[in-house]
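Q:
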Amino acid sequence: MRTFRIHTFGCQMNEHDSEKIAYLLMEKGLVPAEDGIPDLFIVNSCAVRDKAVQKLYTLLGRTKKWAAKGTVVGVVGCVAQVEREKLLRHFPHLSFVIGPGSYPSLDELLDRILEGEKVVAARWEGKWWETGGALRQRPAVAYINIMEGCDKFCTYCIVPFTRGRERYRPLPWIIDEVRRAVDQGYMEIQLLGQNVDSWRWEKYRFWHLLDRVRKIPGLKWVRFITSHPKDFVPEMVSIMAEGEPITPYVHLPLQAGSNRILNLMRRGYSKEEFLEKVEMIREKVKLSSIGTDIIVGFPYEEEEDFRQTLEVVKRVEFDNMYSFHYSPRPLSYAGRNFPDNVPKEVKRRRLMELQKLQAEIQLENNRRFVGKVIEVLATGRSAKDPEAYMGRDITYRVVNFSCKRNPIGEVLQIEIKEAGPHSLKGEVKNED
Ligand code: SAH
Ligand code: SF4
Ligand code: F3S
């Protein structure tokens, strides 16, 4: 029996693509191999920042030995889409390089690869990539694609080049997959797209889709990522206000708090408009929870611009934040036209200052949970303590807790005992 393993970099989209690829391989009779040297090794790559690409290169370097011993090694994902020639030049041992553009043909391409052919493919086929299933890697949470690609072209971002123009999955297919996931026992589903708010099908828009999904019996929680502040409309707030199974969490990337920088980033909203949307959410959605992404050190970012970002962060008090220093990307407008002119040291200092402020805000907010009993969906073992488990509550907070049995996949009542900036800690209520 032939074995395979997929190593995945990047976002949930990539994670889910790997699950779909694994499904196709299983259908062809291959079996997943957790360790050892597999017969087929696929790296699903991420191009969003230089660091991710460097990690890919390091990993590929290590696969040379495997290829010499007969393992078929290939790259898929975002780097494969935009750096085909470069990858093949640096790593001649690669048997295939396939970008998301060619995923609709992946089933056939994998047959050719398994017959020993060298395959390089990244042509945009424009169709929706449907696989009939996914070999889900996460217990409890099922990822479900609703749209692909991005038409926004923010100036720092490579994603529109790696993922192509927006394509939307038809509503009946989405509903079907959600039903199947619920039947299989998944308590939570996450609807995935680079810009979920752009989703449309016939006369339906994203909030109509959410309305259909929330009525599917047996579903505990529905989340969706990522929202775009420009497209996040009052209809979205209204549907979120309906409550469970729709969770009150929204990931709304701010990127920068200065209008000058937001313009240079071509984000399509001002700081004031962003704040209005936040207010609308806070006002209407019970237990609302807002996460964000921020980039520091974008070209021409002055100290004053950065102060404005800190101001917005203080004002909003985000529930979680991913923050990065700017990494110039090939193909992107800023990568081609703007100098990377904020010194590394300044970027580092700004990032640290931002993260310190955010940690204080989160700690303060998380403390309000101490003493409360909250519902938590157990999703895995705790990252810090292998004896303990972790899960998330309705607001998407990480909760670590101890439990006598394996509770993964269950919703539990957890009494919160301690709060840190990045997680809560508690105990199962009324455990025998
Ligand atoms: N579609 C989502 C997420 C895209 S990528 C959105 O529109 O927000 C995830 C995050 O990576 C972005 O939100 C951004 O904060 C960060 N990112 C993207 N390009 C980057 C770059 N060139 N340098 C640093 N961070 C970047
Ligand atoms: Fe990138 Fe902007 Fe599209 Fe998000 S909306 S994927 S940041 S171009
Ligand atoms: Fe990375 Fe591609 Fe996702 S660049 S963040 S894997 S869309």
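Just so you know, the sequence shown maps onto residues 1372 to 1803 in this note's numbering. Cβ atoms here follow ideal geometry from the backbone N, Cα and C, with glycine treated the same way. All figures in this text were calculated on a predicted structure; none of them were measured in a lab.
(1) May I ask you to list the residues that DSSP assigns as paired with M1518?
(2) V1561 and V1512 look like a contact to me (Cβ under 8 Å); what is the Cβ gap, rounded to whole Å?
(3) How would you label M1636, buried or exposed, when you count the other beta carbons within 10 angstroms and need 16 or more for buried?
(4) Here's a check: name, in chain order, each residue in its chain whose Cβ is nearer than 6 Å to the Cβ of L1590, leaving out the five neighbours to either side.
(5) Taking all protein chains shown into account, do 16 or more other C-beta atoms lie within 10 angstroms of the C-beta of Q1425, making it buried, or fewer, making it exposed?
(6) Does the Cβ-Cβ distance between I1413 and G1445 come in under 8 Å?
(7) Compare the C-alpha of I1666 against each of G1706, I1632, N1691 and name the closest.
(8) Quick check: the segment 1691-1702 against the segment 1522-1531, are at least 3 beta-carbon pairs closer than 8 Å?
(9) Enumerate in chain order the residues of its own chain whose CB-to-CB distance from G1805 is below 7 Å, with the five nearest sequence positions on each side excluded.
(10) When we look at the beta-carbon of R1536 and count the other beta-carbons within 10 Å, is it buried (16 or more) or exposed?
(11) If you scan the segment 1382-1464 from start to end, which runs of the alpha helix (DSSP H) of 4 or more residues do you find wholly inside it?
(12) Consult DSSP for D1676 and reduce its assignment to one of helix, strand or coil.
(13) Quick check: what's the CA-CA separation for V1549 versus M1518?
(14) Expressed to the nearest angstrom, what Euclidean distance is found between the alpha-carbon atoms of Y1575 and R1721?
(15) Would you give the residue range spanned by the beta strand (DSSP E) that N1691 belongs to?
(16) Output the boundary residues of the alpha helix (DSSP H) element that contains G1706.
(17) Buried or exposed: N1385, going by 16 or more other Cβ atoms within 10 Å of its Cβ?
(18) Which residues in the same chain have their Cβ closer than 7 Å to the Cβ of E1647, if we skip the five residues on either side of it in sequence?
(19) Hey, how far is the Cα of A1393 from the Cα of G1751?
(20) Could you spell out where the beta strand (DSSP E) holding Q1561 opens and where it closes?
(21) Any heavy atom of the ligand SF4 closer than 7 Å to the CB of H1461?
(22) To the nearest angstrom, report how far apart S1476 and Q1729 are at their CA atoms.
(23) Determine the closest residue to L1795 out of D1756, R1540, V1741, V1782, with distance taken between C-alpha atoms.
(24) The beta strand (DSSP E) spanning L1748 covers which residue range?
(25) Please determine if the segment 1424-1441 and the segment 1455-1465 are in contact, where contact requires at least 3 C-beta pairs separated by less than 8 Å.
(26) State the Cα-Cα distance for the pair G1470 and F1380, rounded to the nearest angstrom.
(27) Within 10 angstroms of the Cβ of M1558, are there 16 or more other Cβ atoms? Answer buried if so, exposed if not.
(28) So, using beta-carbon positions, are V1608 and I1652 closer together than 8 Å?
(29) Identify the continuous beta strand (DSSP E) that holds D1664 and give its terminal residues.
(30) How would you call K1657, buried or exposed, if buried means at least 16 neighbouring beta carbons within 10 angstroms?
(31) Kindly list the residues whose CB is nearer than 6 Å to the CB of I1545, restricted to its own chain and excluding five residues on each side of it in sequence; keep chain order.
(32) Among all residues, which have a Cβ less than 7 Å from at least one non-hydrogen atom of the ligand SAH, and in what chain order do they fall?
(33) Roughly how many whole angstroms lie between the Cα atoms of I1596 and L1411?
(34) Looking only at its chain, what residues have a beta carbon closer than 6 Å to the beta carbon of F1467, apart from the 5 residues adjacent to it on each side?
(35) Compare the beta carbon distance of Y1640 and K1685 with 8 Å and say whether it is the shorter of the two.
(36) Rounded to the nearest angstrom, what separates L1481 and S1753 at their Cα positions?
A: Checking against the coordinates, here is how it stands:
(1) The beta-bridge partner set that DSSP reports for M1518 consists of Y1539.
(2) A small fix is needed here, since residue 1561 is Gln in this sequence, not Val. With a Cβ gap of about 6 Å, Q1561 and V1512 count as contacting.
(3) By the Cβ neighbour-count rule, M1636 is buried, with 16 or more other Cβ atoms within 10 Å of its own.
(4) Result list for L1590: V1553, P1616, in chain order.
(5) Under this definition Q1425 is an exposed residue.
(6) Going by C-beta atoms, I1413 is nearer than 8 Å to G1445.
(7) Ranking the options by Cα distance to I1666, first place goes to I1632.
(8) The answer is yes - the segment 1691-1702 touches the segment 1522-1531, with three or more Cβ pairs under 8 Å.
(9) Nothing in the structure corresponds to residue 1805, since the chain is present only between 1372 and 1803.
(10) Answer is exposed; the Cβ neighbour count stays below 16.
(11) Unbroken alpha helix (DSSP H) stretches of 4 residues or longer found wholly inside the segment 1382-1464: 1383-1398, 1421-1433, 1435-1439, 1449-1453, 1455-1461, given in chain order.
(12) Reduced to three states, the DSSP call for D1676 is helix.
(13) For V1549 and M1518, the distance between alpha carbons rounds to 15 Å.
(14) Rounded to the nearest angstrom, the two C-alpha atoms are 42 Å apart.
(15) Counted as a single uninterrupted DSSP element, the beta strand (DSSP E) harbouring N1691 occupies residues 1691-1696.
(16) Annotation for G1706: the continuous alpha helix (DSSP H) segment containing it runs 1704-1708.
(17) Around the beta carbon of N1385, 16 or more other beta carbons lie within 10 angstroms, which makes this residue buried.
(18) Nothing listed; no residue qualifies.
(19) Across the structure, A1393 and G1751 are spaced so that their CA atoms are roughly 21 Å apart.
(20) Residues 1559-1563.
(21) Result no, Cβ not under 7 Å from the ligand SF4.
(22) In this model, S1476 and Q1729 are separated by some 44 Å (Cα to Cα).
(23) Among D1756, R1540, V1741, V1782, the Cα nearest to that of L1795 is on V1741.
(24) Per DSSP, L1748 is one residue of the beta strand (DSSP E) stretching across 1744-1752.
(25) The answer is yes - the segment 1455-1465 touches the segment 1424-1441, with three or more Cβ pairs under 8 Å.
(26) The alpha-carbon atoms of G1470 and F1380 are separated by roughly 14 Å.
(27) When all chains shown are included, M1558 counts as buried.
(28) Yes, the pair counts as a contact, with Cβ atoms nearer than the cut-off.
(29) Segment 1660-1667, the beta strand (DSSP E) holding D1664.
(30) It counts as exposed.
(31) Only I1517 meet the Cβ criterion.
(32) Matched residues: C1382, V1419, R1420, C1521, K1523, C1525, Y1527, C1528, I1529, V1530, Q1565, N1566, T1597, H1599, P1624, Q1626, D1664, I1665, I1666, Y1693, F1695, H1696, Y1697, S1698, P1699, R1700, S1703.
(33) Going by the C-alpha atoms only, they are around 31 Å apart.
(34) Contacts found: G1445, I1484, V1490.
(35) No, Cβ-Cβ distance for Y1640 and K1685 is not below 8 Å.
(36) When rounded, the separation of the alpha-carbon atoms in L1481 and S1753 is 36 Å.
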